[in-house]
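Q: Below you'll find the structure I mean.
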Amino acid sequence: MGDERAIRGRIGSGAIMLSGCPLTCNSCQNYEMVQEGHRVTFEQFIEMALTLKARGAHNLQVLSPTVHFPSLRQLLPIIRKEAPNFPIIFKSSGYESVEALKRFEGLVDIYLPDLKFGSQSRWARCAGAGDYLQVAKLAIDEMFSQVGPLEVDREGIASKGLLIRHVKAPLPAAEQEELEGYLSEMGRRTQISILEHFVQLEQPPT
């Protein structure tokens, strides 16, 4: 998964990828996994989470949770009860409403938004989210208000907090500068992870 050391730890993160995404990026590296999949019952999802914990995963990482918020709001209290001391991570695009996120206060331990686009981004418009950065900033503020800065244990494994990820993409210089300025500002409040493994599947939109 290319997870940060604070997330994968020594053994690994217990990841469950959900189908669906609020964005329609034309360079999605997880397109097949996000668009495909199979339906599971609540009981099966809970069993998957508990199995990951039993196998020694440091945490439960829910990837692409946004379109499943209603179901997750019902599932997470059960998982927290059945698997205490098993941090729950939301790995998302950052394109979530503040109102939706507020319903998860006390249920999510670690937020891991993947900051993608600037305010005037052609990529964002192509992904159906011309207001991406505006929405993401508000979402990240809400995430931070819930969990605070990233906290790690003696082994450097995250237990709570906000970790902002940004995978460098072939963005216009002004857009990249805008994102780096925001990340620099947020870096004074919490941990930032900048990765270089962007894979360009499509040409940038014109």
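First residue of the sequence shown: -12, per this note's numbering; consecutive thereafter.
Each residue gets a CB set at the ideal place from its N, CA and C atoms; glycine is no exception.
Since the model is a prediction, treat every value here as computed from it, not as a measurement.
Tell me, which residues are paired with Gly148 by DSSP?
A: Ile97
Q: Here's a check: name, in chain order, each residue in its chain whose Cβ is nearer than 7 Å to the Cβ of Leu125, leaving out the five neighbours to either side.
A: So the list reads Val85, once near-sequence residues are dropped.
Q: State the DSSP-derived secondary structure class of Ala70, mapped to helix, strand or coil.
A: coil
Q: Let me know the beta strand (DSSP E) ranges lying completely inside the region 117 to 182, each 3 residues or longer, listed in chain order.
A: 145 to 154 and 178 to 182
Q: Taking Ala87 as the reference, which of Met130, Ala70 and Glu164 has the closest Cα?
A: Selected option, being the one with the closest Cα: Met130.
Q: Given a cut-off of 7 Å on the beta-carbon distance, is the pair Ala145 and Ile66 in contact?
A: no
Q: Got a sec: is the Cβ-Cβ distance from Arg26 to anything in chain D below 7 Å?
A: The question asks about chain D, but that chain is absent: this structure has only one protein chain.
Q: Just how far apart, CA to CA, sit His153 and Gln107?
A: 17 Å
Q: Report back the beta-carbon spacing between Leu5 and His45 to the nearest angstrom; my notes put them in contact at under 8 Å.
A: Going by Cβ atoms, the distance from Leu5 to His45 rounds to 20 Å, so no, they are not a contact pair.
Q: So, for Ile181: in the same chain, excluding its five sequence neighbours on each side, which residues have a beta-carbon less than 6 Å away from its beta-carbon?
A: Correct list, in chain order: His153.
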